[in-house]
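Student: Protein chains in written order, with the working numbering: chain U, 7 to 356; chain L, 7 to 356. Built from N, CA and C at the ideal position, the CB exists for glycine as well. Values in this document were obtained by computation on a predicted structure and should not be read as measured data. I'd like to ask some things about the structure below.
There are 2 protein chains.
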Amino acid sequence: MKFEPVTIKDIGKALGLSTSTVSRALRGSYEISSETKKLVLEYAEKINYRPNPIALSLKERRNHSLGIIVCEIANNFFSQAINGIESIAYNRGYHVIISQSHESFERECVIVDHLASRSVDGLLVSVSSETQDYTHFKQLYEKGLPIVFFDRVANEIITHKVIADNFKGAYDATEHLIKNGFKRIAHITSAPYLSISEERLNGYKEALLKNNIEYDEKLVHYCYHGGMIYDEVEEALKKIFKLKQKADGLFTAGDRITTTCMQALQKLDKKIPDDIAVIGFTNTNLGELFNPSLSVVRQPAFEIGQVATELLISMIESKRPVTEFESKALQTELIIRDSSAAIAKAKSNS
Amino acid sequence: MKFEPVTIKDIGKALGLSTSTVSRALRGSYEISSETKKLVLEYAEKINYRPNPIALSLKERRNHSLGIIVCEIANNFFSQAINGIESIAYNRGYHVIISQSHESFERECVIVDHLASRSVDGLLVSVSSETQDYTHFKQLYEKGLPIVFFDRVANEIITHKVIADNFKGAYDATEHLIKNGFKRIAHITSAPYLSISEERLNGYKEALLKNNIEYDEKLVHYCYHGGMIYDEVEEALKKIFKLKQKADGLFTAGDRITTTCMQALQKLDKKIPDDIAVIGFTNTNLGELFNPSLSVVRQPAFEIGQVATELLISMIESKRPVTEFESKALQTELIIRDSSAAIAKAKSNS
DNA sequence: TATTTTTACGCAAACGTTCCCGATAACGAT
DNA sequence: ATCGTTATCGGGAACGTTTGCGTAAAAATA
Numbered sequence: 007m008k009f010e011p012v013t014i015k016d017i018g019k020a021l022g023l024s025t026s027t028v029s030r031a032l033r034g035s036y037e038i039s040s041e042t043k044k045l046v047l048e049y050a051e052k053i054n055y056r057p058n059p060i061a062l063s064l065k066e067r068r069n070h071s072l073g074i075i076v077c078e079i080a081n082n083f084f085s086q087a088i089n090g091i092e093s094i095a096y097n098r099g100y101h102v103i104i105s106q107s108h109e110s111f112e113r114e115c116v117i118v119d120h121l122a123s124r125s126v127d128g129l130l131v132s133v134s135s136e137t138q139d140y141t142h143f144k145q146l147y148e149k150g151l152p153i154v155f156f157d158r159v160a161n162e163i164i165t166h167k168v169i170a171d172n173f174k175g176a177y178d179a180t181e182h183l184i185k186n187g188f189k190r191i192a193h194i195t196s197a198p199y200l201s202i203s204e205e206r207l208n209g210y211k212e213a214l215l216k217n218n219i220e221y222d223e224k225l226v227h228y229c230y231h232g233g234m235i236y237d238e239v240e241e242a243l244k245k246i247f248k249l250k251q252k253a254d255g256l257f258t259a260g261d262r263i264t265t266t267c268m269q270a271l272q273k274l275d276k277k278i279p280d281d282i283a284v285i286g287f288t289n290t291n292l293g294e295l296f297n298p299s300l301s302v303v304r305q306p307a308f309e310i311g312q313v314a315t316e317l318l319i320s321m322i323e324s325k326r327p328v329t330e331f332e333s334k335a336l337q338t339e340l341i342i343r344d345s346s347a348a349i350a351k352a353k354s355n356s
Numbered sequence: 007m008k009f010e011p012v013t014i015k016d017i018g019k020a021l022g023l024s025t026s027t028v029s030r031a032l033r034g035s036y037e038i039s040s041e042t043k044k045l046v047l048e049y050a051e052k053i054n055y056r057p058n059p060i061a062l063s064l065k066e067r068r069n070h071s072l073g074i075i076v077c078e079i080a081n082n083f084f085s086q087a088i089n090g091i092e093s094i095a096y097n098r099g100y101h102v103i104i105s106q107s108h109e110s111f112e113r114e115c116v117i118v119d120h121l122a123s124r125s126v127d128g129l130l131v132s133v134s135s136e137t138q139d140y141t142h143f144k145q146l147y148e149k150g151l152p153i154v155f156f157d158r159v160a161n162e163i164i165t166h167k168v169i170a171d172n173f174k175g176a177y178d179a180t181e182h183l184i185k186n187g188f189k190r191i192a193h194i195t196s197a198p199y200l201s202i203s204e205e206r207l208n209g210y211k212e213a214l215l216k217n218n219i220e221y222d223e224k225l226v227h228y229c230y231h232g233g234m235i236y237d238e239v240e241e242a243l244k245k246i247f248k249l250k251q252k253a254d255g256l257f258t259a260g261d262r263i264t265t266t267c268m269q270a271l272q273k274l275d276k277k278i279p280d281d282i283a284v285i286g287f288t289n290t291n292l293g294e295l296f297n298p299s300l301s302v303v304r305q306p307a308f309e310i311g312q313v314a315t316e317l318l319i320s321m322i323e324s325k326r327p328v329t330e331f332e333s334k335a336l337q338t339e340l341i342i343r344d345s346s347a348a349i350a351k352a353k354s355n356s
């Protein structure tokens, strides 16, 4: 099956005009008489002419399209961020192409390659949890392809970056648990080399420090697949529960990790917050429906997407090479619910 | 900023060959000597040559890309379906472009127009809840653009369609409530003209009929925005609770509708299943975490995406016009949890 | 009236690729 | 020596569009 759209040439033939005249008439060029313009415009309207964007891309060497790379769209943070991206992109005349790395480095490389050759005008990326080597981005970036990182950023690449204030978010979450009387707070996070993991871990540590609680690395576990693999999460939890000095709190550092932890805790038959109090870095809007309702650190995902897109488009449309780059950190929001509630028992003990 | 990739012409110039020879060498044509081939291949590898897909699209009048239109990706059913679509598309050498209608008819029209002019080779669509007029699809389809509908289909357009067995899924869900002793079962669903709404309503009615329960249209409410607007859902619930003959069960007919209902029920301070038992058509994998855990009808979303994509690609690659179309209905899965549990009180009353 | 300016349009190149059609050379056959 | 084959390669058109340049006629100026 094929699909034959009408071209500028068809219009020219039908009206006895050259393609250049038609093109200029359509663009409203001053060197076309108003009668001819009217003629062309009306005919184009009548036969429902649409300029072929592929031909335009070839000619102008740009696409008016942005590539998005995230680990997965079935993730509240990313789907909200994508909505933010779209909201700006469409208003500025850009189309978006969404790709999922599924947390695979290899797949990320393939996608980057594909998007670049497909001539997207720029890239919005949050790297996969497996990514430690950024040369696939670097190569393109140095060749002049604009890239803006959001959420999980590549610190070694000098460009715009937009993130949540992960340090503060983690600090707040941890401190909240501490204020509610929990003292042995475990932390389950994503791959350690991820920027977000480091930032959140640092916030967690700082909160412990400020509250005179010793940092114990046995309480910290990394899930190298970002919570995509259930067993990895369950293993981490089992180790935590095997500790002689029992953990009484848990701070989970990602959307997927948080929900997977909740599932694992249920399977392991742990009561929240009695056995362990939980607060998670997640953008799910279903937290209040959980049993118990889930305390969360919420990221301004939509706004992060918006800001990143504005920066990217400004880079794309800049006449001269961009030399000043911004790193924006947007504030998170702490939403307290029952999963981190202070328990009477714990309180009386202290 | 601009991005200058290497072309076939650059290779030709560097090697003292014509573009045609280079092109043929790259394609492995028989009329190029093996030495020349080796030379070209090695040089191309060295400078990391990538064919420009835009030029190819222009020439071959196809893109190797598929357009996807769904209401929103922040929806478990659709994100899973998209994963299914991708799994097939990438293996067959197609790229996907995802667009969200956000349940808006107007936006859907814009998207269709954009994707078509963008020369996607075919469309995979689940229509928006506002869509009653299908001419925007029909026009393109009649011009030869292959379209496959999934989930929410346009019955008046004769093409491949892939859905879950909505009738049976709804029947099973309703009957499950009945078997558990509930007799006044409300049904909250999406816009009435949506194919899925009709199919699910019919399954619901049939289950009532088979179990000698009278159908009461006061128990059925339509949410014209598919659960995207909270108030619409809360209103429906309030009306249900105001009925003189109280409802004791609720069957919700969509992913978003189900979760929004759960939120509204919580806000209205209704106990599940004591005040009302709930079962919902949803693909969330978080149902077991809810309070109470949520009984669901699960659709084989991933498989629906896969099957739809296979059908679409077969249409695209078919030499002759396709005249035989399939309508596939895949089986749903009933997952029983606590939200629909028979309650002692209800049982003793009967 | 002769010259310049303006108006309004066409020609052709370019974007990167493929592919039809020739073209050239070597080579064996006649 | 001439011709048909075969193997290898280049020229150029085409895909749909924009745009610099050229140019005819019309209008304005001298």
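1) Looking only at its chain, what residues have a beta carbon closer than 7 Å to the beta carbon of Lys224 of chain U, apart from the 5 residues adjacent to it on each side?
2) Which stretch, first to last residue, makes up the alpha helix (DSSP H) that contains Gly255 of chain U?
3) If you draw a straight line from the alpha carbon of Ile60 of chain L to that of Thr25 of chain U, how long is it in whole angstroms?
4) Count the other CB atoms within 10 Å of the CB of Thr64 of chain L; is the residue buried (16 or more) or exposed (fewer)?
5) Does the beta carbon of Glu294 of chain U sit closer than 8 Å to a beta carbon anywhere in chain L?
6) How would you write the range of the alpha helix (DSSP H) that Ser93 of chain U sits in, first residue to last?
7) So, Leu295 of chain L versus Leu130 of chain L, is the Cβ gap smaller than 8 Å?
8) Could you tell me which uninterrupted alpha helix (DSSP H) segments, each at least 4 residues in length, are contained entirely in the stretch 205-267 of chain L, listed from first to last along the chain?
9) Take Ile17 of chain L as the anchor and find which of L:Glu37, L:Tyr36 and L:Thr42 has the nearest alpha-carbon.
10) Alpha carbons only, please: which of U:Ile322, U:Thr288, U:Lys334 and U:Val303 is nearest the one belonging to Val313 of chain U?
11) Alpha carbon to alpha carbon, how far is Phe155 of chain L from Ile285 of chain L?
12) Please identify, using Cβ separations under 8 Å, the residues of the stretch 84-102 of chain L that lie next to chain U, in order along the chain.
13) According to a CB-to-CB cut-off of less than 7 Å, which residues of the stretch 68-81 of chain U neighbour chain L?
14) Is the separation between the beta-carbon of His166 of chain L and that of Met321 of chain L shorter than 8 Å?
15) Of all the options L:Leu183, L:Val126 and L:Val159, which has the alpha carbon lying nearest to the alpha carbon of Ser201 of chain L?
16) How would you label Arg326 of chain L, buried or exposed, when you count the other beta carbons within 10 angstroms and need 16 or more for buried?
17) Say whether chain L places a C-beta atom closer than 8 Å to the C-beta of Pro59 of chain U.
18) Which residues in the same chain as Phe188 of chain U place their Cβ atom closer than 6 Å to its Cβ, once the five residues preceding and following it in sequence are excluded?
19) Applying the criterion that 16 or more other CB atoms from any shown protein chain within 10 Å of the CB defines a buried residue, is Gln86 of chain U buried or exposed?
20) Between the Cα of Ala95 of chain L and those of L:Val116, L:Gly73 and L:Glu78, spot the shortest distance and give me the residue it belongs to.
21) What does a CB cutoff of less than 8 Å around Tyr236 of chain U pick up in its chain, not counting 5 residues either side in sequence?
22) Can you look up Ser40 of chain L in the DSSP assignment and give me helix, strand or coil?
23) Assign Glu51 of chain U to one of three DSSP states: helix, strand, or coil.
24) Identify each residue in the stretch 111-125 of chain U for which the Cβ-Cβ distance to at least one residue of chain L is less than 8 Å, and report them in chain order.
25) Residues of chain L with CB under 9 Å from Thr3 of chain U, in chain order?
26) When the distance is taken between beta carbons, is Ser346 of chain U closer than 8 Å to Ala259 of chain U?
27) Just the Cα atoms here: how many angstroms apart are Arg190 of chain U and Asn217 of chain U?
28) Between Glu272 of chain L and chain U, is the shortest Cβ-Cβ distance under 8 Å, so that the two count as touching?
29) Hey, quick one: how far does the beta strand (DSSP E) through Glu339 of chain L stretch, first residue to last?
30) Buried or exposed, going by whether 16 or more other CB atoms sit within 10 Å of the CB of Ile164 of chain U?
31) State the Cα-Cα distance for the pair Gln337 of chain L and Phe173 of chain L, rounded to the nearest angstrom.
32) How many Å lie between Thr288 of chain L and Arg98 of chain U at the Cα?
33) Would you report the Cα separation of Tyr55 of chain U and Thr27 of chain U, rounded to the nearest angstrom?
34) Answer with buried or exposed for Ile38 of chain L, where buried requires no fewer than 16 other C-beta atoms within 10 angstroms of its C-beta.
35) State buried or exposed for Gln251 of chain U, treating a residue as buried only when at least 16 other CB atoms are found within 10 Å of its CB.
36) When you compare the CB of Ser63 of chain L with every CB in chain U, is at least one pair closer than 8 Å?
Tutor: Considering the structure as presented:
1) Answer for Lys224 of chain U: Leu249, listed in chain order.
2) First-last for Gly255 of chain U: Gly255 to Thr258, but that is the beta strand (DSSP E), not the alpha helix (DSSP H).
3) Using only the alpha carbons, I get a separation of about 22 Å.
4) The amino acid occupying residue 64 of chain L in the given sequence is Leu; Thr does not appear at that position. Classification of Leu64 of chain L: buried, given that the 10 Å Cβ count is 16 or more.
5) True, the Cβ-Cβ gap to chain L drops below 8 Å.
6) Where Ser93 of chain U is concerned, the enclosing alpha helix (DSSP H) stretches over Asn82 to Asn97.
7) Cβ atoms of Leu295 of chain L and Leu130 of chain L: not closer than 8 Å.
8) Fully enclosed alpha helix (DSSP H) runs of 4 or longer: 236-248.
9) Of the listed residues, the one whose Cα sits closest to Ile17 of chain L is L:Thr42.
10) The residue with the shortest Cα to Cα distance from Val313 of chain U is U:Lys334.
11) C-alpha separation (whole angstroms): 26 Å.
12) Per Cβ criterion, the list reads Ser85, Gln86, Ile88, Asn89, Glu92 and His101.
13) Listed by position, the residues of the stretch 68-81 of chain U near chain L (Cβ gap below 7 Å) are Ile79 and Ala80.
14) A distance below 8 Å separates the beta carbons of His166 of chain L and Met321 of chain L.
15) Nearest C-alpha to Ser201 of chain L: L:Val159.
16) Under this definition Arg326 of chain L is an exposed residue.
17) True, the Cβ-Cβ gap to chain L drops below 8 Å.
18) Non-local C-beta neighbours of Phe188 of chain U in its own chain, meaning closer than 6 Å and more than five positions away in sequence, comprise Asp254, Gly255 and Ala283, ordered along the chain.
19) Counting other Cβ atoms within 10 Å of its Cβ, Gln86 of chain U reaches 16 or more and is therefore classed as buried.
20) Measuring from the Cα of Ala95 of chain L, the nearest candidate turns out to be L:Gly73.
21) The answer, listed in chain order, is Thr266, Gln269 and Ala270.
22) Helix at Ser40 of chain L.
23) Glu51 of chain U sits in a helix when the DSSP states are folded into three classes.
24) Going along the stretch 111-125 of chain U in chain order, one finds Asp119, His120, Ala122, Ser123, Arg124 and Ser125 with a Cβ nearer than 8 Å to chain L.
25) Nothing about residue 3 of chain U can be read from this structure; chain U reaches only from 7 to 356.
26) Not a contact, by the Cβ cut-off of 8 Å.
27) Going by the C-alpha atoms only, they are around 12 Å apart.
28) Reading the sequence as shown, one finds Gln at residue 272 of chain L and not Glu. Under the 8 Å criterion on CB atoms, Gln272 of chain L is classed as interfacial with respect to chain U.
29) Counting along the chain, the beta strand (DSSP E) containing Glu339 of chain L begins and ends at Glu339 to Ile341.
30) If you draw a 10 Å sphere on the C-beta of Ile164 of chain U, you find fewer than 16 other C-beta atoms in it, and that means exposed.
31) Inter-residue distance for Gln337 of chain L and Phe173 of chain L is about 10 Å (C-alpha atoms, whole angstroms).
32) Rounded to the nearest whole angstrom, the C-alpha separation of Thr288 of chain L and Arg98 of chain U is 35 Å.
33) Looking at the two C-alpha atoms, the distance is approximately 15 Å.
34) Under a 10 Å Cβ-count criterion, Ile38 of chain L is classified as buried, with 16 or more other Cβ atoms of the shown protein chains found around its own Cβ.
35) Taking a 10 Å sphere around the C-beta of Gln251 of chain U, we find fewer than 16 other C-beta atoms and assign the residue as exposed.
36) Judged by the 8 Å Cβ criterion, Ser63 of chain L is in contact with chain U.
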